[in-house]
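First up is the structure itself, then whatever we jot down about it.
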Amino acid sequence: MNQHFSFQVSKSDVEAALKVLNFAIYHKELTEMEDREQEREKELDRKRKADHHENDGPDRGSKDRRG
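Okay, so the sequence shown: first residue is 20 according to this note's numbering, each after it adds one.
Below, the structure written as structure tokens:
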């Protein structure tokens, strides 16, 4: 039952397959970077809202953080 298969693959087929793989890797990395950026933006938004809410207390007054 031990059969040996021999395949010939053209150089152009290998190059095309590598292009597809490279694109898939690029797309995956780009998607992951975009996901991380969205998470960072959500976290910054949560922090801004928390800071804004914290500074809205009755005896806090107006705080200008622009320096």
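Quick reminder that beta carbons are idealized off the backbone N, C-alpha and C, glycines included.
Fair warning: this is a prediction, and the values are worked out from it, not measured in the lab.
The C-alpha of Gln-27 lies about 11 Å from the C-alpha of Val-33.
Pairing Glu-62 with Lys-68, the inter-Cα distance amounts to about 10 Å. In this structure, DSSP gives Gln-27 a state outside helix and strand, which the three-state scheme calls coil.
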